[in-house]
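Q:
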Amino acid sequence: MNFKKLTLYSSVFALQGLSNAVIPILPELAGGDSGSVAVSSLIFSGYFMGAFLSLVPLGILADRIGNLKVIRFGMLLTALSGFVITFSDIPLILGIFRFLEGVGCGAFFPAAFSILAEWEDSQQSLGEFNFLLNAGLAAGVFFSGVLAGFGIKTAIASFTFLAGLSCILLISYGKEFTHSESKIPAKSQQDTSLLPELKSYLINARKTMFQTDLGKIWGISVLLYGTTGLLNANYADYSASFLSKPELGLAISVSYLAAMLSSLIAGRADFNYKNIVRTGIILAAAGIFLSVKLPLLAFFLIGAGGGAAVVGLITAVSRTNSSGFAMGLFNTGIYAGLGLGPVLGSFFLGPLGYETLFFGSAVALLSVFFVKLE
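When we follow the numbering used here, the leftmost residue of the sequence shown carries the number 140, and every step to the right adds one.
(1) For a quick check, are the C-beta atoms of V209 and A201 less than 8 Å apart?
(2) Rounded to a whole number of angstroms, what is the C-alpha to C-alpha distance between G499 and I404?
(3) When the distance is taken between beta carbons, is S378 closer than 8 Å to L370?
(4) Taking 8 Å as the cut-off, decide whether the C-beta atoms of L440 and A465 are in contact.
(5) Would V280 and P385 be called neighbours here (beta carbons separated by less than 8 Å)?
(6) Name the two residues that bound the continuous alpha helix (DSSP H) containing W258.
(7) Which residues bound the alpha helix (DSSP H) around D376?
(8) Three-state secondary structure (DSSP) at F152?
(9) How should R237 be labelled, buried or exposed, when 16 other C-beta atoms within 10 angstroms of its C-beta is the threshold for buried?
(10) Using the Cα positions of F410 and E267, report the straight-line distance between them to the nearest angstrom.
(11) Report the rounded CA-to-CA distance for L468 versus F289, giving the unit in angstroms.
(12) Is it right to say P324 is buried, meaning 16 or more other beta carbons lie within 10 angstroms of its own, or is it exposed?
(13) Just mark N269 as buried or exposed, buried being the case when its beta carbon has 16 or more other beta carbons within 10 Å.
(14) Within a Cβ cutoff of 6 Å, which residues of the same chain sit near S193, ignoring the five residues on either side of it in sequence?
(15) Check whether the region 181-189 touches the region 271-279, taking contact to mean three or more Cβ pairs, one atom from each stretch, closer than 8 Å.
(16) At which residues does the alpha helix (DSSP H) containing A437 begin and terminate?
(17) Can the beta-carbon of S180 be found closer than 8 Å to that of V482?
(18) Where does F381 sit, in a helix, a strand or coil, going by DSSP?
(19) What's the gap between the Cα of L362 and the Cα of L396?
(20) Take the Cβ of L435 as the centre, count every other Cβ of all protein chains shown within 10 Å, and call the residue buried at 16 or more, exposed below.
(21) If you follow the alpha helix (DSSP H) that V416 is in, where does it begin and where does it stop?
(22) Over what stretch of residues does the alpha helix (DSSP H) that includes S305 continue unbroken?
(23) Less than 8 Å between the C-beta atoms of A390 and L382, yes or no?
(24) To the nearest angstrom, report how far apart F438 and S394 are at their CA atoms.
(25) Take the Cβ of L154 as the centre, count every other Cβ of all protein chains shown within 10 Å, and call the residue buried at 16 or more, exposed below.
(26) Is it the case that the region 218-234 contacts the region 247-263, given that we only count it when at least three CB pairs across the two stretches are under 8 Å?
(27) Output the distance between the C-alpha atoms of G480 and V456, rounded to the nearest integer angstrom.
(28) So the alpha helix (DSSP H) V510 belongs to, where does it begin and stop?
(29) Would S283 pass as a contact of I162 if the rule is Cβ separation under 8 Å?
(30) How long is the line joining the alpha carbons of F509 and S305, rounded to whole angstroms?
(31) Exposed or buried, what is D228 when buried is set at 16 or more other beta-carbons lying within 10 Å of its beta-carbon?
(32) State the DSSP-derived secondary structure class of G275, mapped to helix, strand or coil.
(33) Taking the beta carbon of K292 as the centre, do at least 16 other beta carbons fall within 10 Å, making it buried, or is it exposed?
(34) Express the C-alpha separation of L147 and S321 in angstroms, rounding to a whole number.
(35) For A375 versus G419, is the C-beta distance shorter than 8 Å?
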């Protein structure tokens, strides 16, 4: 494995591990017995709303000043946010810095995907990258549950330390990226006026969303991550009577282990990306249906489906446009789903209850089969 891959892969592992380390301890972060489902959902969703709002602007910035600089900024902001979250117990502060942590994520992913999409082995590299992405997510929830007995934020502190190490690597050895960061250099965009450039991006966004498959891909991403995010955000409260913290961490981490495996398989398989996406959606919906009775099997299916689907979706986007802007636009769908799904779901939780809400979200996810990709 070359140094560029090692740096990107270690960074995404730390970033995603930190983001997910809050899930098993959401009720405690929200204030323990005095906390509410709404506060838990806001702490969970703050990260994804930060990512959602920053993905496109920072994707544009990556095209303008270079991917590496934006990746460095994203990891520095991630490490700073993790440090504050580790030492603060005030829900408002936690929410603010979860939002800023999400902005760091929004800086990292468009630039990283843009770099990966330009490599000769792009589909394989995307599969490997998604493998480490899900490894980080799995490690985050697993160690958060397992280490909770040593201190409720032990896992958060650990992944903050790893994010700091990734920052040092990116700052110290960034020259490894400079000669082959992209087939399209950060170009002479410094010589271009920003306002006309932004207007051009807005026109391009409209054309890309409505005249290509990207709009459909975006909608699929919103549904996939909205339904699975709704489940993840509420499962700690739903399962409190029958799963301990370590058991919850194990159950959720199984989904990311499954996503790791399915990402590698999908990245190396010689299948049409449309079939990969459809297969992933079926598996994820089946997992949501089973979550009320068989947690381990349910989360395995959700992870396997999501991991396969996202490789297919990213491959579909890269065939349209591999720029940081396009990747940022695509990723807004992921984080719109993760950010809005739990919040919107909380409005229906009272009248419907957990199980009916989960079943309804699975049915909504299956509506993807009415969307035809070209």
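No residue lacks a Cβ here, since even glycine has one placed at the ideal position from N, Cα and C.
A: Answer, in terms of the structure:
(1) yes
(2) 30 Å
(3) no
(4) no
(5) no
(6) No alpha helix (DSSP H) contains W258, which DSSP labels as neither H nor E.
(7) L353 to Y377
(8) helix
(9) buried
(10) 17 Å
(11) 40 Å
(12) No answer about P324 holds up, because its pLDDT of 49 lies below 50 and its placement is not dependable.
(13) buried
(14) V242 and G245
(15) no
(16) P434 to T459
(17) yes
(18) coil
(19) 22 Å
(20) exposed
(21) Y412 to L429
(22) T293 to S311
(23) yes
(24) 5 Å
(25) buried
(26) no
(27) 23 Å
(28) No alpha helix (DSSP H) holds V510; DSSP gives it neither H nor E.
(29) yes
(30) 42 Å
(31) exposed
(32) helix
(33) buried
(34) The predicted position of S321 is uncertain, since its pLDDT is 45 and thus under 50; a value taken from the coordinates is nonetheless stated next. Each residue's alpha carbon lies about 14 Å from the other.
(35) no
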